[in-house]
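Undergrad: Counting in this note's numbering, the sequence shown runs from 19 upward without gaps. The structure's right below; bear with me while I get my questions together.
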Amino acid sequence: MGKAKIDTAFSKVLNQGDKAFVPYIMAGDGGLENLKEQILFLEKNGATVVELGIPFSDPVADGPVIQEAGLRSLGNGTTLAAILTSLEEWKDTREIPIVLMTYINLVYSFGVEKFAERCEEVGVDGLIIPDLPLEEEELVTPALGEFGIALIRLVSPTSPSHRIEQIAKRSEGFLYAVTVKGTTGVRSKYEEGVEAYLKGLKEYAEVPVLAGFGVSSPEQVRTMSDYCDGVIVGSKIVESLHQGDRETIVALMAASKKSTVKQTSL
Ligand SMILES: O=P(O)(O)OC[C@@H](O)[C@@H](O)c1c[nH]c2ccccc12
Numbered sequence: 019m020g021k022a023k024i025d026t027a028f029s030k031v032l033n034q035g036d037k038a039f040v041p042y043i044m045a046g047d048g049g050l051e052n053l054k055e056q057i058l059f060l061e062k063n064g065a066t067v068v069e070l071g072i073p074f075s076d077p078v079a080d081g082p083v084i085q086e087a088g089l090r091s092l093g094n095g096t097t098l099a100a101i102l103t104s105l106e107e108w109k110d111t112r113e114i115p116i117v118l119m120t121y122i123n124l125v126y127s128f129g130v131e132k133f134a135e136r137c138e139e140v141g142v143d144g145l146i147i148p149d150l151p152l153e154e155e156e157l158v159t160p161a162l163g164e165f166g167i168a169l170i171r172l173v174s175p176t177s178p179s180h181r182i183e184q185i186a187k188r189s190e191g192f193l194y195a196v197t198v199k200g201t202t203g204v205r206s207k208y209e210e211g212v213e214a215y216l217k218g219l220k221e222y223a224e225v226p227v228l229a230g231f232g233v234s235s236p237e238q239v240r241t242m243s244d245y246c247d248g249v250i251v252g253s254k255i256v257e258s259l260h261q262g263d264r265e266t267i268v269a270l271m272a273a274s275k276k277s278t279v280k281q282t283s284l
């Protein structure tokens, strides 16, 4: 369980020559009663870990598609406590590790220690807290450490390099490498920069490096995966799930598998 479960899931995928694929979904979008089916669908079709968003009234780091999904979920009456209860009810049915994406406010109001303990109980293996800066991490790391829950860190290409190095070295579970989307038309330049950035992160990080933000086609999954250990896809998954377009999701996930990953020249 916890951190070890995430590590095992990545080793398994990477050792067989595939790349990792982490879909993001918003808990309660489409109704919390469908959460189990949604996650088991992702597990069955090749997700390595699921990143599960907790809807929040002030989602400062979310893009528009995710924000709308959050509003739909809140409109359905979804609460953090109910999400945790749902996860607990069918925890023995899934093998896939679960990482919650939540803002620090929610963790605080729940109580840090109580939250970490509850995560362990319901089978949550890691957390992403996008508004928790490096300097404040100690507010949660003792409790997460006690219950074996991984704290997944984010780095962005705009962070100064000493800071990137510090974060990369500390990361647990995986390192979330935010890749800033280039403007239309300067795409090849954007990719050159991204390649060096992602390969650089791999030198510091002891955990897999995954690229996220703006990955929305099978081709992008292949390109990005070529530079690191895999990808995180949010908006495209959330949108497709909402529209009932499961084929798009299956195709995205298939692009991270060995048979379709672009071969790097030796
Ligand atoms: O939606 P995209 O461009 O595919 O990127 C994933 C991202 O949305 C997801 O990981 C996420 C949702 N909310 C966040 C807040 C911060 C960082 C990351 C996230």
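Glycine included, C-beta positions come from ideal geometry on N, C-alpha and C.
Out of 152, 191, 196, 219, state which residue places its alpha-carbon closest to the alpha-carbon of residue 68.
TA: Counted from its first residue, the sequence shown places residue 68 at position 50. Per the Cα distances, 191.
Undergrad: Under DSSP, the alpha helix (DSSP H) around residue 236 begins and ends at which residues?
TA: Looking up residue 236 in the sequence shown gives position 218. Segment 236 to 245, the alpha helix (DSSP H) holding residue 236.
Undergrad: Should residue 22 go down as buried or exposed, given a rule of 16 or more other Cβ atoms within 10 Å for buried?
TA: Position 4 of the sequence shown, counting from 1, holds the residue named residue 22. It is exposed - the Cβ of residue 22 has fewer than 16 other Cβ atoms within 10 Å.
Undergrad: Here's a check: name, in chain order, each residue in its chain whose Cβ is nearer than 8 Å to the Cβ of residue 106, leaving out the five neighbours to either side.
TA: Reading the sequence shown from its first residue, position 88 is the one you call residue 106. These residues qualify, in order along the chain: 139, 140, 141.
Undergrad: At the level of alpha carbons, what is the spacing between residue 131 and residue 186?
TA: In the sequence shown, the residue the question calls residue 131 occupies position 113. In the sequence shown, the residue the question calls residue 186 occupies position 168. In a straight line, the C-alpha of residue 131 is about 25 Å away from that of residue 186.
Undergrad: Please classify residue 82: does DSSP put it in a helix, a strand, or coil?
TA: On the sequence shown, position 64 is the one that residue 82 refers to. Helix at residue 82.
Undergrad: Do you know how far the Cα of residue 74 is from the Cα of residue 49?
TA: Locating residue 49 in the sequence shown gives position 31, where the first residue counts as 1. Locating residue 74 in the sequence shown gives position 56, where the first residue counts as 1. Spanning the two alpha carbons is a distance of roughly 16 Å.
Undergrad: On the DSSP letters alone, give me the boundaries of the alpha helix (DSSP H) that residue 188 sits inside.
TA: Translated into positions along the sequence shown, residue 188 becomes position 170. That run of the alpha helix (DSSP H) goes 179 to 188.
Undergrad: Assign residue 219 to buried or exposed, taking buried as 16 or more other Cβ atoms, counted over all protein chains shown, within 10 Å of its Cβ.
TA: In the sequence shown, residue 219 corresponds to position 201, counting from 1. Per the 10 Å Cβ criterion, buried.
Undergrad: Counting pairs of Cβ atoms below 8 Å between the stretch 250 to 263 and the stretch 78 to 91, do you hit three or more?
TA: In short, these stretches touch, since the Cβ pair count reaches three.
Undergrad: So, is residue 245 buried or exposed, given that buried needs 16 or more other C-beta atoms within 10 angstroms?
TA: Residue 245 sits at position 227 when you count from the first residue of the sequence shown. That one is buried.
Undergrad: Hey, residue 145 and residue 118 are a contact pair by Cβ (cut 8 Å); roughly how many whole angstroms apart?
TA: As a first step, residue 145 must be located in the sequence shown, where it is residue number 127. As a first step, residue 118 must be located in the sequence shown, where it is residue number 100. Residue 145 to residue 118, Cβ: 5 Å. Contact.
Undergrad: Once you ignore the five residues that flank residue 201 on each side, which residues in its own chain have a CB closer than 7 Å to its CB?
TA: The count along the sequence shown starts at 1 and reaches residue 201 at position 183. Its pLDDT being 47, under 50, residue 201 is placed unreliably by the model, and the measurement read from it follows with that caveat. Once the five neighbours on either side are set aside, residue 201 has no close Cβ partner at all.
Undergrad: Thinking residue 40 and residue 65 are a contact (beta carbons under 8 Å), I'd like their distance in whole angstroms, please.
TA: Residue numbering aside, residue 40 sits at position 22 when the sequence shown is read from its first letter. Residue numbering aside, residue 65 sits at position 47 when the sequence shown is read from its first letter. Contact holds; Cβ gap of about 7 Å.
Undergrad: So the alpha helix (DSSP H) residue 69 belongs to, where does it begin and stop?
TA: Indexing the sequence shown from 1 puts residue 69 at position 51. Per DSSP, residue 69 belongs to no alpha helix (DSSP H); it is in the beta strand (DSSP E), 68 to 71.
Undergrad: Take residue 188 and list the residues in its own chain whose beta-carbon comes closer than 7 Å to its own, dropping the five residues that flank it on each side.
TA: Residue numbering aside, residue 188 sits at position 170 when the sequence shown is read from its first letter. Here the set comprises 171.
Undergrad: Excluding the five sequence neighbours on either side, which residues of its own chain have a C-beta within less than 7 Å of the C-beta of residue 91, listed in chain order?
TA: If you number the sequence shown from 1, residue 91 lands on position 73. Same-chain partners within the cutoff: 44, 45, 46, 47, 73.
Undergrad: Are the stretch 56 to 63 and the stretch 215 to 232 in contact at 8 Å, needing three or more beta carbon pairs?
TA: At 8 Å Cβ cutoff, the stretches do not touch.
Undergrad: Using 8 Å as the cut-off, classify the Cβ of residue 294 as near or not near the heavy atoms of ligand 1, replying yes or no.
TA: Residue 294 lies beyond the range of the chain shown here (19 to 284); nothing can be said about it.
Undergrad: My output table needs one value for residue 39: the three-state DSSP class, helix, strand or coil.
TA: In the sequence shown, the residue the question calls residue 39 occupies position 21. DSSP places residue 39 in strand when its eight states are reduced to three.
Undergrad: Helix or strand or just coil, what does DSSP make of residue 170?
TA: Counting from one through the sequence shown, the residue named residue 170 turns up at place 152. Of the three classes helix, strand and coil, the one that applies to residue 170 here is strand, per DSSP.
Undergrad: To test your reading of the DSSP string, which unbroken beta strand (DSSP E) runs of 3 or more residues are found completely within the stretch 119 to 168?
TA: Runs of the beta strand (DSSP E) inside the stretch 119 to 168: 144 to 146.
Undergrad: Let me check one thing: in DSSP terms, what residues is residue 228 bridge-paired to?
TA: The count along the sequence shown starts at 1 and reaches residue 228 at position 210. According to DSSP, which records beta bridges pairwise, residue 228 is partnered with 194, 248.
Undergrad: Which runs of the alpha helix (DSSP H), 4 residues or longer, sit entirely within the stretch 95 to 119?
TA: As far as the stretch 95 to 119 is concerned, its whole alpha helix (DSSP H) runs of at least 4 residues are 98 to 107.
Undergrad: Count the C-beta pairs between the stretch 260 to 267 and the stretch 26 to 33 that are closer than 8 Å, then say yes if the count reaches three, no if not.
TA: No, they do not touch.
Undergrad: For residue 221, I'd like the list of residues in its chain whose CB is within less than 8 Å of its CB, leaving aside the five on either flank, ordered along the chain.
TA: Numbered from 1 along the sequence shown, position 203 holds the residue referred to as residue 221. Excluding positions up to five away in sequence, the list is empty.
Undergrad: Starting from residue 261 and walking both ways along the alpha helix (DSSP H), at which residues does that stretch end?
TA: The residue given as residue 261 occupies position 243 in the sequence shown. Residues 253 to 261.
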